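My numbering puts the sequence shown at residues 429 to 739. Cβ atoms here follow ideal geometry from the backbone N, Cα and C, with glycine treated the same way. In this text, all values refer to a predicted model and were calculated from it rather than measured experimentally. All remarks here apply to the structure that follows.
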Amino acid sequence: MKSQLLILLRDQDQIVSGEHISRKLGISRVAVWKHIRKLNELGYRIVSSARGYRLHQSPDIPFPWEFPSRAANLHFFQETTSTMDEARRLARGGCPHFSIVVAEQQIKGRGRLKRVWRSSAGGLYFTIVLRPNLSPAQSYRVNFLASIGLARVLRQELAVEAGIKWPNDIFVNNKKIAGILTELEAEADVVTFVNIGIGINVNNDPSPKEPAATSLKQLLNRDVSRKKLLAAFLDQFENLMDQVTTFQVIPAWREMAITLNRPVRIETTQDVFHGVAKDVDESGALILERPDGSTQRVIYGDCFHQTTEDL
Ligand code: BTN
Numbered sequence: 429m430k431s432q433l434l435i436l437l438r439d440q441d442q443i444v445s446g447e448h449i450s451r452k453l454g455i456s457r458v459a460v461w462k463h464i465r466k467l468n469e470l471g472y473r474i475v476s477s478a479r480g481y482r483l484h485q486s487p488d489i490p491f492p493w494e495f496p497s498r499a500a501n502l503h504f505f506q507e508t509t510s511t512m513d514e515a516r517r518l519a520r521g522g523c524p525h526f527s528i529v530v531a532e533q534q535i536k537g538r539g540r541l542k543r544v545w546r547s548s549a550g551g552l553y554f555t556i557v558l559r560p561n562l563s564p565a566q567s568y569r570v571n572f573l574a575s576i577g578l579a580r581v582l583r584q585e586l587a588v589e590a591g592i593k594w595p596n597d598i599f600v601n602n603k604k605i606a607g608i609l610t611e612l613e614a615e616a617d618v619v620t621f622v623n624i625g626i627g628i629n630v631n632n633d634p635s636p637k638e639p640a641a642t643s644l645k646q647l648l649n650r651d652v653s654r655k656k657l658l659a660a661f662l663d664q665f666e667n668l669m670d671q672v673t674t675f676q677v678i679p680a681w682r683e684m685a686i687t688l689n690r691p692v693r694i695e696t697t698q699d700v701f702h703g704v705a706k707d708v709d710e711s712g713a714l715i716l717e718r719p720d721g722s723t724q725r726v727i728y729g730d731c732f733h734q735t736t737e738d739l
């Protein structure tokens, strides 16, 4: 009802009478007034007068009704532990492919390799539940498509020079702007769900404890609409996911990668490796050329770009 009400108010861009709304939506004028009051409580500015209602401002909050075609499968939380927790619960409960969980605040946001993801106000934090017809070994395709989709959207919609640091961090000007976390469950060698969690620094100031991080606001010197960014990314990513088994993932990833042909340090929970990142193989593993000339295949770890002096 809220999405239809907002469509009516936005369509007209002028005062819309309570009677018109009540007729169009098939609800009483008291019910209209109650919806308007609720929207105002949520941060919308809808002014009422004797002639009707006029929408002056909408908050930049990704409420489900702001995405009319997705509203049924978009779950919004003002606060949660982590969108990964909510998404896992929904996925185990049988929710449909491409269900989305968005939160304004996460009190236990998680990063890769068991790190904490600080979720300061103004960022965009969401997880998408996917049910691709892939084996766990092929699931890297979903990760790579998420990073390709996000880098594309940042380039196309906001003209920022987004690139991908292996495996799927999004960087601009050598600083991290977004991170992607994957959780997967499988049965009989077929993925039951892959949950892709994405945190984007949009209008937040990344913590000073993360000197290698930046936000879209810091880069562009203005606020960026989180609603528009999320809508654009979901369209882009859904389109890529429709081609998950056929899309040329690795060539597209290579085109946007900023890690290849440079010296890197890879940290895993047990080891640290140095070398030059030569390529990724057909399973998404990083091919490292070690200082002794040998080649090593790295399947997980934290990748740090190095200058030649760091080696
Ligand atoms: C990383 O770079 O380490 C990955 C960060 C992923 C953060 C996102 S925010 C939404 C989702 N919920 C979480 O708890 N983590 C992911």
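Taking the alpha carbon of residue i as the reference point, which residue from the options has its own alpha carbon closest?
i: residue 490; options: 616, 658, 596; result: 658
i: residue 508; options: 534, 692, 432; result: 534
i: residue 532; options: 523, 506, 520, 546; result: 506
i: residue 520; options: 672, 621, 601; result: 621
i: residue 552; options: 710, 510, 587, 592; result: 510
i: residue 597; options: 496, 711, 684; result: 684
i: residue 570; options: 585, 498, 675, 682; result: 675
i: residue 695; options: 554, 469, 466, 595; result: 595
i: residue 560; options: 682, 665, 440; result: 665
i: residue 435; options: 673, 635, 497; result: 497
i: residue 673; options: 566, 469, 525; result: 566
i: residue 667; options: 487, 453, 458, 526; result: 526
i: residue 487; options: 584, 590, 523, 656; result: 656
i: residue 646; options: 611, 709, 615, 601; result: 601
i: residue 710; options: 568, 611, 612, 599; result: 568
i: residue 741; options: 733, 473, 599, 522; result: The structure shown does not extend to residue 741, since the chain spans only 429 to 739, so no value can be given for it.
i: residue 732; options: 682, 663, 686; result: 686
i: residue 554; options: 593, 514, 592; result: 514
i: residue 441; options: 592, 619, 474; result: 474
i: residue 592; options: 708, 720, 721; result: 708
Flag this pair as yes or no: are the beta carbons of residue i and residue j separated by less than 8 angstroms?
i: residue 617; j: residue 653; result: no
i: residue 729; j: residue 718; result: no
i: residue 464; j: residue 476; result: yes
i: residue 624; j: residue 578; result: no
i: residue 692; j: residue 572; result: no
i: residue 425; j: residue 547; result: Nothing about residue 425 can be reported from this structure: the residues present for the chain run from 429 to 739 only.
i: residue 517; j: residue 483; result: no
i: residue 586; j: residue 648; result: yes
i: residue 644; j: residue 538; result: no
i: residue 512; j: residue 615; result: no
Is it buried or exposed, residue i, if we count other Cβ atoms within 10 angstroms and call 16 or more buried?
i: residue 574; result: buried
i: residue 429; result: exposed
i: residue 541; result: exposed
i: residue 536; result: exposed
i: residue 700; result: exposed
i: residue 588; result: buried
i: residue 606; result: buried
i: residue 697; result: exposed
i: residue 458; result: exposed
i: residue 466; result: exposed
i: residue 462; result: exposed
i: residue 627; result: buried
i: residue 471; result: exposed
i: residue 500; result: exposed
i: residue 544; result: exposed
i: residue 735; result: exposed
i: residue 494; result: buried
Tell me which residues share the same chain as residue i and place their Cβ nearer than 8 angstroms to its Cβ, disregarding the 5 neighbours each side in the sequence.
i: residue 456; result: 450
i: residue 706; result: 688, 689, 715, 716, 717, 723
i: residue 452; result: 432, 436
i: residue 528; result: 498, 501, 502, 503, 554, 555, 556, 557, 662
Going along the chain, which residues of its own chain have a beta-carbon closer than 7 angstroms to the beta-carbon of residue i, five neighbours each way excluded?
i: residue 603; result: 640, 641, 642
i: residue 550; result: 630, 631, 632
i: residue 680; result: 576
i: residue 713; result: 725, 726, 727
i: residue 661; result: 577, 578, 581
i: residue 524; result: 501
Tell me which residues share the same chain as residue i and place their Cβ nearer than 6 angstroms to its Cβ, disregarding the 5 neighbours each side in the sequence.
i: residue 480; result: 443, 444, 445, 446
i: residue 504; result: 491, 492, 530
i: residue 460; result: 446, 449, 450
i: residue 590; result: 579, 582, 583, 598, 600
i: residue 468; result: 474
In chain order, which continuous runs of the beta strand (DSSP E) of length 3 or greater are located wholly inside the stretch 548–601? 552–558, 591–593, 597–600
Every unbroken beta strand (DSSP E) within the stretch 449–486, with a cutoff of 3 residues, ordered by chain: 473–477, 480–485
Which runs of the beta strand (DSSP E) fall wholly inside the stretch 684–718 and span at least 3 residues, in chain order? 690–695, 700–708, 714–717
At which residue ranges does the stretch 487–548 contain complete beta strand (DSSP E) runs of 3 or more residues, listed in the order of the chain? 502–508, 527–534
Counting only runs that start and end within the stretch 605–639, where is the beta strand (DSSP E) found for 3 or more residues in a row? 618–628
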